[in-house]
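Once you know that position 74 of the sequence shown is 80 in this note's numbering, the rest is easy, because the numbers rise by one and skip nothing.
Just so it is clear, CB atoms sit at the ideal spot from N, CA and C, and this is done for glycine as well.
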Amino acid sequence: MDFYMKLPRNKKEFTLFLLVISIVSVNIIAPLITFLEVGFSKETYFNTLQVIPFIWLFVVILVLLTHTPAEKITKKIIHKDDSFNSVVTINILVNVLLMSIFMTIIGTWIGSRSVTFDVFHNYLNVWPRNFAISLAIELLIAHPVARLILYKLHISKDKQKAA
């Protein structure tokens, strides 16, 4: 029942789910990683706010591009008898892994407003931190918020059908 109540049932709900997760994630992860990279300041925060729409656009594009490969990888890892929570956790882990690999590069390019190969010099030092931050935000904030919204939406729709 959890599965049916907390996951998108159609394309419209998938769009809502994607929007909630991506907006919550980008608005927390981008400033946090930027603060750790260049320091905590009001100026840094306002500079980050200026590039968040571009980061969000690339996040949405990458989610759509990595969705199918992530599903395939998840299916290879999980067992048919695994619980809803374990399947969701593995799926989030795989999605964040794929997204963080690309967004560590793309986010740096967007944030610095230049496409250079300098990002690759520190990649192996920066990516694990970015992955850990992203995974924590996704597991503890973004996905629970999105699933709660879908759960409330489904309860509301089910009540309307019953009435």
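If only uninterrupted beta strand (DSSP E) runs of at least 3 residues are considered, none is enclosed by the segment 45-129.
Under a 10 Å Cβ-count criterion, Arg153 is classified as buried, with 16 or more other Cβ atoms of the shown protein chains found around its own Cβ. The beta carbon of Phe41 sits closer than 7 Å to those of Thr50, all from its chain and outside the five residues before and after it, given in chain order. Per DSSP, Pro150 is one residue of the alpha helix (DSSP H) stretching across 149-168. Comparing alpha carbon positions, the residue from Met11, Lys86, Phe9, Leu25 closest to Ala148 is Leu25.
Contact check for Leu104 and Pro14: beta-carbon distance about 19 Å, past the 8 Å limit, so the pair fails to qualify.
Counting the other Cβ atoms within 10 Å of the Cβ of Gly45 gives fewer than 16, which makes it exposed. By the Cβ criterion, the segment 94-104 is in contact with the segment 66-76, since at least three pairs of Cβ atoms, one from each stretch, lie closer than 8 Å.
In this structure, the beta-carbon distance from Val65 to Ser28 falls below 8 Å. Of the other Cβ atoms in all chains shown, 16 or more fall within 10 Å of the Cβ of Ile39; this residue is therefore buried. Within 10 angstroms of the beta-carbon of Asn128 lie fewer than 16 other beta-carbons, which makes it exposed. If you draw a straight line from the Cα of Phe137 to the Cα of Ser89, it comes to about 24 Å. A Cβ-Cβ distance of about 17 Å is found for the pair Glu144 and Ile112, leaving them out of contact under the 8 Å criterion. Residues of the same chain with a CB within less than 7 Å of the CB of Ile61, apart from the 5 flanking positions on each side, are Val32, Ala36, Gly113, Ile116 in chain order. Separation of Arg135 and Phe108 (C-alpha to C-alpha, rounded to the nearest whole angstrom) is 14 Å.
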